[in-house]
Amino acid sequence: MNRRDLLKTMGLAGAAFTLPSFLAFSPGDELSAKTKSGHINVTLGKLELLIVSDGFAAFNFPQTFFAPGIDPELVKRQLYDIFLPENKIEVSVNVMVIKQENRIILIDTGFGPDYGLNCGWLSENLIIAGIQPSAITDVFITHAHVDHIGGILDKNDNLTYQNARYHIAKKEFDFWMGDNPDFSKSKNTSSSEPDILLAKKVLGKIQDKLEFFNYGDELFSCLKTELAEGHTPGHTLFTLSSENKQLKHLVDITHSTLLMAQPEWGIQLDADFNKAVKTRKIILEKAAKKRELVISTHIPWPGIGYIYKIGTGYEWKPFSYPNPREIII
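full-length UniProt numbering puts the first residue of the sequence shown at 1, with every later residue one more than the last.
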């Protein structure tokens, strides 16, 4: 989906923005700091975590970004069945922070400052939560889409987290920094050039601060990495472990509960659409069968819960927590 198509989808055809493919926001007035603020503490065994909101993205008239090639009436019916409006899909942008004695680790960085009023809140919300950007020691990059790496740079294209080391899978880095990233198996009918240019710019800026990891590596004594290719070639999931507790991060395995109910539908932006479908079904099936506690970047705030199998699809079961300030797992 190119800039013009996406702006039409959002009802913003006259807006002056240069947009990568996955960027959507609803028009509206400037949001107050109170409205923007969003963070919650999470305790996992002995691990101290924080979930921080980078805001949200709203897709008005969401086809064909979601469920490309599927009969619109089937999509409307499925949205109705899972109690979602038929003319809009909203996705959260939930960012995890891991706090250790000598490290503060950020998992992805959200959209950044240039993409509308409803997203790009991360650095401000970190400060509200008591974390200055200069205190971030490590940034773990799951994949190089704008809603995950856009916040690495500030509005002047300087590093937001200047004291951090950056960690990314070599496979993901090589894909975006190669001469011709291959999107021939995507269902995105528009140019991927804005996405490629953004990734090259951001990854180029941090190249001297990068550390590569291999899939299966354990980082920071708590985080085990896992390849989940399809959405991007090097799309990385991970599992956090502390004492006898685990929390698996699904990242962009699914962008909406719609794709849990219908895991074969996918999104236009999947670099290899069919492989992304296969990966999503494997990950969701495993999570449901093993009753894994999971977190997702884009499932409604704070994105922690369980996957429940029903028929050929799955349902989202949010993790129950009584304290609005803290989740104890």
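No residue lacks a Cβ here, since even glycine has one placed at the ideal position from N, Cα and C.
CA nearest to the CA of residue i, picked from the options
| i | options | result |
| --- | --- | --- |
| Ala94 | Gln63, Ile107, Ile82, Pro322 | The amino acid at residue 94 is misidentified as Ala; the sequence shows Asn. Cα-wise, what sits closest to Asn94 is Ile107. |
| Ser53 | Val91, His235, Ala287 | Val91 |
| Thr43 | Tyr80, Ile98, Phe56 | Ile98 |
| Thr236 | Pro324, Met177, Asp217 | Asp217 |
| Ala199 | Thr160, Pro300, His145 | His145 |
| Leu159 | Lys201, Thr142, Glu172 | Lys201 |
| Ala169 | Pro181, Glu86, Leu227 | Leu227 |
| Gly141 | Pro133, Gly150, Ser134 | Looking at the sequence itself, residue 141 is Ile, so the reference to Gly does not match. It is Gly150 whose Cα lies nearest to the Cα of Ile141. |
| residue 347 | Thr239, Leu258, Ile282, Leu203 | Absent from the structure is residue 347, since the part of the chain shown begins at 1 and ends at 329. |
| Leu126 | Leu49, His255, Leu293 | Leu49 |
| Leu122 | Gln100, Asp154, Asn102, Glu101 | Asp154 |
| Asp147 | His255, Lys278, Ile327 | His255 |
| Leu203 | Thr225, Leu84, Gly178, Tyr215 | Gly178 |
| Thr312 | Ser296, Arg325, Asn323, Met260 | Met260 |
| Phe59 | Leu74, Cys222, Pro85 | Pro85 |
| Pro300 | Ile282, Ile283, Val251, Pro322 | Val251 |
| Ile131 | Gln100, Phe111, Gly116 | Gln100 |
| Leu197 | Lys187, Asp208, Thr189, Pro181 | Pro181 |
| Gly328 | Ile282, Ile283, Gln246, Asp270 | Residue 328 is actually Ile in this sequence, not Gly. Ranking the options by Cα distance to Ile328, first place goes to Gln246. |
| Phe175 | Asp138, Asp195, Thr189 | Asp195 |
| Asp138 | Arg103, Leu117, Gly112 | Arg103 |
| Met96 | Leu117, Leu74, Gly38 | Gly38 |
| Ser190 | Tyr215, Thr64, Pro324, Pro322 | Thr64 |
Enclosing alpha helix (DSSP H) for residue i [first to last residue]
| i | result |
| --- | --- |
| residue 397 | No answer is possible for residue 397: it lies beyond the span of the chain, which begins at 1 and ends at 329. |
| Ser192 | Ser192 -> no alpha helix (DSSP H), and no H or E assigned at all. |
| Ser123 | 122 to 128 |
| Asp174 | 170 to 177 |
| residue 394 | Nothing in the structure corresponds to residue 394, since the chain is present only between 1 and 329. |
Beta strand (DSSP E) segment containing residue i, residue limits
| i | result |
| --- | --- |
| Glu226 | 223 to 227 |
| Asp54 | 47 to 60 |
| Ser242 | 236 to 242 |
| Lys99 | 88 to 99 |
| Leu79 | Where Leu79 is concerned, there is no enclosing beta strand (DSSP E), although the alpha helix (DSSP H) it sits in stretches over 72 to 81. |
| Asp138 | 138 to 140 |
| His249 | 245 to 251 |
| His145 | Looking at the DSSP string, His145 is not in any beta strand (DSSP E), and its letter there is neither H nor E. |
| Ile104 | 104 to 107 |
| residue 332 | No statement about residue 332 is possible, as the shown extent of the chain runs from 1 to 329 and does not include it. |
| Leu44 | 39 to 44 |
| Leu159 | Neither: Leu159 is in no beta strand (DSSP E) and is coded neither H nor E. |
| Thr211 | Checking the sequence, you will find Glu at residue 211 rather than Thr. First-last of the beta strand (DSSP E) with Glu211: 210 to 213. |
C-beta atoms of residue i and residue j nearer than 7 Å
| i | j | result |
| --- | --- | --- |
| Thr109 | Ile152 | yes |
| Ile89 | Pro72 | no |
| Tyr314 | Ile307 | yes |
| Ile253 | Arg280 | yes |
| Ile128 | Ala164 | no |
| Gly185 | Asp272 | Residue 185 is actually Lys in this sequence, not Gly. Closer than 7 Å, so yes. |
| Phe220 | Ile105 | yes |
| Gly69 | Cys119 | no |
| Ala288 | Lys317 | no |
| Gln268 | Gln78 | no |
| Gly248 | Val277 | For the record, residue 248 in the displayed sequence is Lys; it is not Gly. Taking 7 Å as the Cβ cut-off, Lys248 and Val277 do not qualify as a contacting pair. |
| Gly234 | Glu193 | no |
| Ala67 | Trp265 | yes |
| Glu326 | Lys275 | no |
| Tyr161 | Ile206 | no |
| Leu240 | Cys222 | yes |
Rounded Cβ spacing between residue i and residue j (contact assumed at less than 8 Å)
| i | j | result |
| --- | --- | --- |
| His298 | Thr232 | Not quite, the Cβ-Cβ distance comes to about 15 Å (not below 8 Å), so this is no contact. |
| Glu243 | Lys46 | 6 Å |
| Thr225 | Phe238 | 5 Å |
Cβ-heavy atom distance, residue i to the ligand PLP, below 6 Å
| i | result |
| --- | --- |
| Asp174 | Annotation note on the ligand PLP: not contained in the displayed structure, which lists no ligands. |
- Query: Fully enclosed by the segment 285 to 320, which beta strand (DSSP E) runs are 3 residues long or longer?
  - Reply: Runs of the beta strand (DSSP E) spanning 3 or more residues and lying entirely within the segment 285 to 320 occur at 294 to 296, 304 to 310, 313 to 318, in chain order.
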